[in-house]
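Q:
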Amino acid sequence: MKPIYHELDFGVTCIDTEHMRKDFVAAYLIEDEGRAAFVDTGCYLSVPTLLATLDAKSIKHENVDYVLLTHIHLDHAGGAGEIIKHLPNATVYVHERGAQHLADPSKLRKGVIDVYGELFFKQFLGDLIPIPKDRIVVAQDGDEITLGNRVLKFIDTPGHARHHVCIWDETSRGVFSGDTLGVSYREFDTDQGELIFPPTTPVQFDPDTWKNTIKHLMNLNPKYAYLTHFNRIEFTQNSADMLIQHIDGFVDIAKQLKQSESRHKTIKEHLLDYLLTIASNHGVTLDESQQVRLFKGDLEICAQGLGVWLDRNT
Ligand SMILES: [Zn+2]
43 MKPIYHELDF GVTCIDTEHM RKDFVAAYLI EDEGRAAFVD TGCYLSVPTL LATLDAKSIK
103 HENVDYVLLT HIHLDHAGGA GEIIKHLPNA TVYVHERGAQ HLADPSKLRK GVIDVYGELF
163 FKQFLGDLIP IPKDRIVVAQ DGDEITLGNR VLKFIDTPGH ARHHVCIWDE TSRGVFSGDT
223 LGVSYREFDT DQGELIFPPT TPVQFDPDTW KNTIKHLMNL NPKYAYLTHF NRIEFTQNSA
283 DMLIQHIDGF VDIAKQLKQS ESRHKTIKEH LLDYLLTIAS NHGVTLDESQ QVRLFKGDLE
343 ICAQGLGVWL DRNT
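So the number in the numbering used here is just where the residue sits in the sequence shown, counting from 1, plus 42.
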């Protein structure tokens, strides 16, 4: 198999896990002084791509020290149990709220199948392999680990999910941000920069907490965000402001439609209008049908997450 990956600078590689489509779900490989770490793994089906990337870059499996998981949503962590079978020296780091679900993924599996169905799980996520407890380390806020000559620091980042950490890489002044600094597809880049919006995924979306987390991360004065969806972008105060604005925009839609009939469908339609409008204001000239195709997966998940949030909070 020929993996697709993008070599960035500072020893960081963005691997296209090819989950669902190209340019959608990334995993990252960090190399330093002959040692390596993955940040997120994609799902179970992405593992062959990750291993093929190691081979293509002549990195020995024994030289991978870490699998660092930003959170346990399956497009980020679903492959962790499978990949560590191939990485004899790797330890998995995860938020304390995620650790037990990696050791015993039965609840995680059930949760995903309840939302997406068994067929989707098998076809697009594949499987979920438990991770032996002695290979899991809980990443606390402020914890640091060393990879070669660089230091990677964990930051507790609730808001998208309560089991979310970001990883601060001082070397590149970059945040491996999982879903916390939003999603931004390269197809929507214009001369105004990147279009960024929030994945309001079920079941722990918490807008106020998320906005505080974004402000907290900006105190690091980052230069880059390594987004899972998709690839590295420069992340400025304007990027943070845009993300916060659209968290508020999504929440406003949800609140307005709280009592509407066929609420989920209506929220989805309004979210699509919202995204098409912000894309248009951003100078995006892609065909609308192309835009709809690219937003499709997010619309479903974001509408579900907003629905869960409405039921819990208003
Ligand atoms: Zn997520």
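Glycine is no exception: its CB is placed at the ideal position from the N, C-alpha and C atoms.
Please name the residue, chosen from S88, V54, L189, E75, that lies closest to P45 on a Cα-to-Cα basis.
A: Here the closest residue by C-alpha is S88.
Q: In whole angstroms, what is the alpha-carbon distance linking S219 and D211?
A: About 11 Å.
Q: Any heavy atom of ligand 1 closer than 7 Å to the Cβ of D315?
A: No; taking the cut-off as 7 Å, the Cβ of D315 has no heavy atom of ligand 1 nearer than that.
Q: Can you tell which of H118, A181, C208, P200 has the C-alpha that lies nearest to the C-alpha of L170?
A: Comparing Cα-Cα distances from L170 to each of H118, A181, C208, P200, the minimum goes to H118.
Q: Hey, D156 and N131: beta-carbon distance below 8 Å or not?
A: Contact: no.
Q: Which of the three DSSP states, helix, strand or coil, is assigned to V67?
A: It is coil, neither helix nor strand.
Q: What does DSSP give as the partner residues of L194 in its beta bridges?
A: Bridge partners of L194: I187, D211.
Q: In angstroms, rounded to a whole number, what distance separates the CA positions of G190 and A79?
A: Rounded to whole angstroms, G190 to A79 spans 10 Å at the Cα level.
Q: What does the alpha-carbon distance come out to for the pair Y158 and L318?
A: So the two alpha carbons sit approximately 25 Å from each other.
Q: Counting C-beta neighbours from all protein chains within 10 Å, is the total for E160 16 or more, i.e. buried, or is it exposed?
A: When all chains shown are included, E160 counts as exposed.
Q: Taking 8 Å as the CB-CB limit, is V293 close to chain B?
A: Protein chains in the displayed structure number just one, and chain B is not present.
Q: For E276, which of helix, strand or coil comes out of DSSP?
A: In this structure, E276 counts as strand in the three-state DSSP scheme.
Q: Using only the alpha-carbon positions, how far apart do F277 and Y266 sit?
A: Near 5 Å, if we compare the C-alpha coordinates of Y266 and F277.
Q: Could you give the first and the last residue of the continuous alpha helix (DSSP H) run that contains V109?
A: Here V109 belongs to no alpha helix (DSSP H); instead the beta strand (DSSP E) covers 106 to 110.
Q: For a quick check, are the C-beta atoms of V217 and P264 less than 8 Å apart?
A: In contact: V217 and P264 (Cβ atoms closer than 8 Å).
Q: Looking only at DSSP bridge pairs, what is Y47 linked to?
A: Paired residue(s): I57.
Q: Just verifying my parser: in three-state terms, what is the DSSP assignment at G140?
A: In this structure, G140 counts as helix in the three-state DSSP scheme.
Q: Check whether the Cβ atoms of R177 and T232 lie closer than 8 Å to each other.
A: Contact: no.
Q: Is the beta carbon of L341 closer than 8 Å to that of A296?
A: For A296 and L341, no; Cβs fall outside 8 Å.
Q: Mind pulling the beta strand (DSSP E) runs of 3 or more residues that sit fully within the region 251 to 315?
A: Listed in chain order, the complete beta strand (DSSP E) runs (minimum 3 residues) inside the region 251 to 315 are 266 to 269, 273 to 276.
Q: Identify which residue in H205, H258, Q246 has its Cα closest to the Cα of A181.
A: When each option's Cα is compared against that of A181, the closest is H205.
Q: Taking 7 Å as the cut-off, does the CB of H118 come closer than this to any heavy atom belonging to ligand 1?
A: The answer is yes for H118.
Q: Count the other C-beta atoms from every protein chain shown that fall within 10 angstroms of the C-beta of N261, then say buried if there are 16 or more, exposed otherwise.
A: N261 should be labelled exposed.
Q: If we call anything under 8 Å between Cβ atoms a contact, is D221 one with T270?
A: Yes, these two residues count as a Cβ contact at 8 Å.
Q: Please report how far the alpha carbon of N273 lies from the alpha carbon of T59, in whole angstroms.
A: Roughly 11 Å separates the two Cα atoms.
Q: For the beta strand (DSSP E) that R77 lies in, which residues bound it at each end?
A: First-last of the beta strand (DSSP E) with R77: 77 to 81.
Q: Which residues in the same chain have their Cβ closer than 6 Å to the Cβ of H48, if we skip the five residues on either side of it in sequence?
A: Once the five neighbours on either side are set aside, the close Cβ partners of H48 are C56.
Q: Considering only the alpha carbon of each residue, which of L96, Y227, D250 lies closest to H128?
A: When each option's Cα is compared against that of H128, the closest is L96.
Q: Would you tell me roughly how many angstroms separate the C-alpha atoms of V251 and L167, rounded to the nearest one?
A: The sequence as given places Thr at residue 251; Val does not occur at that position. Between T251 and L167, the C-alpha separation is close to 29 Å.
Q: What's the C-alpha gap between E104 and A321?
A: The alpha-carbon atoms of E104 and A321 are separated by roughly 44 Å.
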